Structure formats: structure tokens, C-alpha cells
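Chemist:
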Amino acid sequence: MKRMVALLVGVSLLLFMGSRAPASPAAGLEFHGLYGFNFSDDDLELEKGWGGGASLVLGLGDFVKLDLGGDYIRPQVKDAGDNDYVQLIPVTGTIRFGPRLDFAYIYVGGGGGYSFNALDMDSAVDDFFELEDCVTYHACGGFELAFTEDETIGFRGEFRYVWLTPELKEKATGDKEDWKMDHMQVRGGFVVNF
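Start counting the sequence shown at 0; every next residue gets the next number (numbering that gives the first Met the number 0).
(1) How long is the line joining the alpha carbons of H137 and T172, rounded to whole angstroms?
(2) Counting only runs that start and end within the stretch 163-189, where is the beta strand (DSSP E) found for 3 or more residues in a row?
(3) Which whole-angstrom value describes the C-beta separation of D41 and K179, a residue pair presumed to lie in contact below a C-beta threshold of 8 Å?
(4) Pick out whichever of S122, Y104 and T91 has its Cα sitting closest to the Cα of F115.
(5) Answer with buried or exposed for G110, where buried requires no fewer than 16 other C-beta atoms within 10 angstroms of its C-beta.
(6) Quick check: the Cα distance between K175 and M183, rounded to an integer number of angstroms?
(7) In the DSSP assignment, what are the bridge partners of R99?
(8) Hey, quick one: how far does the beta strand (DSSP E) through F30 stretch, first residue to last?
(9) Quick one: is E157 buried, meaning 16 or more other Cβ sit within 10 Å of its Cβ, or exposed?
(10) For T93 versus D61, is the C-beta distance shorter than 8 Å?
(11) Using DSSP with H/G/I as helix, E/B as strand and the rest coil, what is F127?
(12) Would you kindly check if the distance between the Cβ of A53 and the Cβ of G68 is under 8 Å?
(13) Could you give the DSSP three-state label for R73: helix, strand or coil?
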């Protein structure tokens, strides 16, 4: 509950600060690839995973941007079969805050959303268990470099820490247990503003 209150207060302050100046540019699309690593060491440990995604970027001011996007990442279950994976599809909102320095925008931020999760296993595990969907939070920092003078095309690089703990449900009994999947991500992609 404390995290949610802090997140709401932070978002409110950033939105207020961002409304003080006109945004440039007002909106854009971002397409990225991502690499997830250093997953939390739980009973069923996950290894690195590749993925990608896209987001709608809204300029709320010269210093504040709002990203509404979705990702797909597929980490492998460690010490299981070669084709045992988890599919994570988080849909999130992110507030990014930072200064614009000539052709660069350097920022920190955070946000939250909802992750649609599923087991993708060749072994019989998914016959007995189901991975539930869950709320997710993240903190991030990164940069955006403009390739053109009017800032219509650019590159974004980002580091993100993700908090994600879905429940693993036993189908026969309905018993549930948390599966901690907190991890780090490195993201890179192109931005097209309009």
C-alpha cells in the first residue's frame, strides 16, 4: 500500500511539473528490443530472456514524458528441459523525468502495470500448474538521442529494474504460491516522433 501511495504522489508531482512547459515533440512511437537478466533466485529459477515491445510516448512538458506500452519477454526455466520457458507480457505506464541537453534527453522514472503470464513448457509441468497474471512495478533510467534536428527520429537506451511476483497455481487443488521473478532489463530501440 505504501508503494502505491508513493507512486501516486510521485506521478501527481511529475504531471504538475510537466504541465508548466509546452512539450516538444508532443507524441511519438517507440519500438525496442530488451534483454532480461539476473532474475530473483527462487525455487524455480529463471535464466536470461530476450524480448521486445513498443510504446506510445506522450510529451507532458519539456521535462516529462509518459510511455504507455507493452512488452514480450520469454525467460527460460533453469535446470528444467531445454524448451521450458515462461512467457511474460507486461502492459505498463511509465513516467520519465529529466533535462533536455541539446540533442539528448537524459531521464529517470518509474511506473507500473499488469503482466499477462503463462507457462510455455515441453515437460508436463504446465499440465499440473498454471501461472497467474499479476501487477508489476518498475524503476528506470536512460537516455534518448535525436538523429534529426527536428527530433522526429531518435534512439533510446534504458536500464530497468522490474518487480514481478505472479502466483503459481496447482490446478488440482487450487493451492497457490508466489514465484518471485524480479529482474533487470537492458532496453534499446528507435523513437519516431510526430
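Note that CB positions come from ideal geometry on N, CA and C, so glycine has one too. None of the values given here were measured: they were computed from a predicted structure.
Modeler: Looking at the atomic coordinates:
(1) Mapped onto the sequence shown, residue 137 falls at position 138. Mapped onto the sequence shown, residue 172 falls at position 173. Cα-Cα distance, rounded: 32 Å.
(2) 166-169 and 175-177
(3) As a first step, residue 41 must be located in the sequence shown, where it is residue number 42. As a first step, residue 179 must be located in the sequence shown, where it is residue number 180. Between K179 and D41 the Cβ distance is about 5 Å, and since that is below 8 Å, they are a contact.
(4) As a working mapping, residue 115 is identified with position 116 in the sequence shown. Among S122, Y104 and T91, the Cα nearest to that of F115 belongs to T91.
(5) As a working mapping, residue 110 is identified with position 111 in the sequence shown. The residue is buried, with at least 16 neighbouring Cβ atoms inside 10 Å.
(6) Working through the sequence shown from its first residue, we reach residue 175 at position 176. Working through the sequence shown from its first residue, we reach residue 183 at position 184. Whole-angstrom Cα-Cα distance: 25 Å.
(7) On the sequence shown, position 100 is the one that residue 99 refers to. Answer is Y104, bridged to R99.
(8) Counted from its first residue, the sequence shown places residue 30 at position 31. Per DSSP, F30 belongs to the beta strand (DSSP E) from A26 to F36.
(9) Taking the first residue of the sequence shown as 1, we reach residue 157 at position 158. Answer is buried; the Cβ neighbour count reaches 16.
(10) Position 94 of the sequence shown, counted from the start, is the residue given in the question as residue 93. Position 62 of the sequence shown, counted from the start, is the residue given in the question as residue 61. It is not a contact, given that the beta carbons lie outside the stated cut-off.
(11) As a working note, residue 127 is residue 128 in the sequence shown. Of the three classes helix, strand and coil, the one that applies to F127 here is helix, per DSSP.
(12) For the purposes of this step, residue 68 is taken as the residue at position 69 of the sequence shown. For the purposes of this step, residue 53 is taken as the residue at position 54 of the sequence shown. In contact: G68 and A53 (Cβ atoms closer than 8 Å).
(13) In the sequence shown, counting from the first residue as 1, residue 73 sits at position 74. Coil.
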